[in-house]
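Everything on this sheet refers to the single structure shown next.
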Amino acid sequence: MPVNGLSINLATVREQYNMRQAVDACLRQDIVAIAPWRDQVHAIGLAEASRIVAENGLKVTGLCRGGMFPAGNPAARATAIDDNRKAIDEAAALNADCLVLVVGGLPVGSRNIAEAREMVADGIAQILPHARSAGIPLAIEPLHPMYAADRACVNTLEQALDICDLLGDGIGVAIDVYHVWWDPKLEQQISRAGAAGRILAHHICDWLVPTTDLLLDRGMMGDGVIDLRGIRRSIEAAGYHGAQEVEIFSAGNWWKQPGEQVLSTCVERFRSVC
1 MPVNGLSINL ATVREQYNMR QAVDACLRQD IVAIAPWRDQ VHAIGLAEAS
51 RIVAENGLKV TGLCRGGMFP AGNPAARATA IDDNRKAIDE AAALNADCLV
101 LVVGGLPVGS RNIAEAREMV ADGIAQILPH ARSAGIPLAI EPLHPMYAAD
151 RACVNTLEQA LDICDLLGDG IGVAIDVYHV WWDPKLEQQI SRAGAAGRIL
201 AHHICDWLVP TTDLLLDRGM MGDGVIDLRG IRRSIEAAGY HGAQEVEIFS
251 AGNWWKQPGE QVLSTCVERF RSVC
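So the sequence shown is numbered by the UniProt record's numbering: it starts at 1 and just counts up by one.
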């Protein structure tokens, strides 16, 4: 029987498998929902990736990632807009639930984070009509403040929802526990997101103590300090009942384990601690 309510972000096994192999491994574990990354799709070709999704009846809970809007000159910002439109088309071809946006940090040499956030809002506004016409919701993923300079200058759920409110329909949020678990306004902002129908994705992993690498040392659910069940209760109380998507970057541990072991552990922890 399918493992209902569980999706695997294919970054979790990116060192073990290409997309085709990852899908086969997921199916052996009765996992029927995935979230690929664009580089994984490009490696086998969009047509082949779409065929794999369709022929196996997979649910694509998101495509990672669009975004990276801020840049130091208009030409670079225009290039980012063009790439995001391509990402929207790819998400549509995969019948993805949303395109996840990691919005980008400060342009090189900049110390103006407010300006970077303005570039983010402007960039999303430029691609939003294309996303609406393609039927692909855009999911802003706020990232932990440690990534504000280089990956995402939108760092709280509140900031992401403010952009959503500014831009209107067709945009929401991806709530990744790794990035938001610490936020004292989290429960309030989850309720706000739910009331507006803005919750598009729910990503899970765990925060290890100590964390030895800010990017590549995420923990398996249950191995860290995040109140996974509490956050899930808040998200479900807010009206979102979609899949929990496991997204683990783990250069020192899980990327070194056999893929089947990683996936079976994801299933076991999803059932026991999430």
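By construction, the Cβ of each residue, glycine as well, lies at the ideal position given by its N, Cα and C atoms. Please read all numbers here as calculations on a predicted model, not as lab measurements.
- Of all C-beta pairs linking the stretch 212-227 to the stretch 256-274, three or more are shorter than 8 Å, placing the two stretches in contact.
- Counting C-beta pairs closer than 8 Å gives three or more between the stretch 97-110 and the stretch 136-153, which meets the contact rule.
- When the alpha-carbon of Gln257 is set against those of Met1, Ala149, Tyr17, the nearest one is in Tyr17.
- Per DSSP, Asp83 is not a residue of any beta strand (DSSP E); the alpha helix (DSSP H) it occupies stretches across 74-93.
- Contact between Glu141 and Ala96 is ruled out by a C-beta separation of about 14 Å, above the 8 Å threshold.
- One alpha carbon belongs to Leu94, the other to Val53, and they sit about 7 Å apart.
- The stretch 33-46 makes contact with the stretch 54-67: 3 or more CB pairs, one atom from each, lie closer than 8 Å.
- Annotation: Val273 is outside any beta strand (DSSP E); the continuous alpha helix (DSSP H) that includes it extends over 259-273.
- Per DSSP, reduced to three states, the secondary structure at Asp227 is coil, with no helix or strand assignment.
- Less than 9 Å divides the Cβ of Cys98 from the Cβ of Gly172.
- Taking Met19 as the centre and dropping the five residues before and after it, the same chain places the C-beta of Leu10, Pro36, Gln40, Val41, Ala43, Ile44, Ala49, Ile52 closer than 8 Å to its C-beta, in chain order.
- For Ser7, the enclosing beta strand (DSSP E) has its first and last residue at 6-9.
- Taking the Cα of Leu138 as reference, the smallest distance to any Cα among Ala91, Ile226, Met119, Ser110 is reached at Ala91.
- Judged by their CB atoms, Trp182 and His241 are not nearer to each other than the 9 Å cut-off.
- The beta carbon of Gly66 lies closer than 6 Å to those of Asn84, Ala87, Leu99, Leu101 in the same chain, with the five residues before and after it left out.
- Relative to the Cα of Ala134, the nearest Cα in the group Ala149, Glu115, Ser110, Gly170 belongs to Gly170.
- Counting only runs that start and end inside the stretch 90-162, the beta strand (DSSP E) elements of at least 3 residues fall at 99-102, 138-140.
- In the structure shown, Gly45 adopts coil according to DSSP, grouped into three states.
- Note that the C-beta distance between Ile204 and Glu245 is below 9 Å.
- In this structure, Asp176 is the residue among Trp255, Asn73, Asp176 with its C-alpha nearest to the C-alpha of Ile235.
- Between Val13 and Asn56, the gap from beta carbon to beta carbon reaches 9 Å or more.
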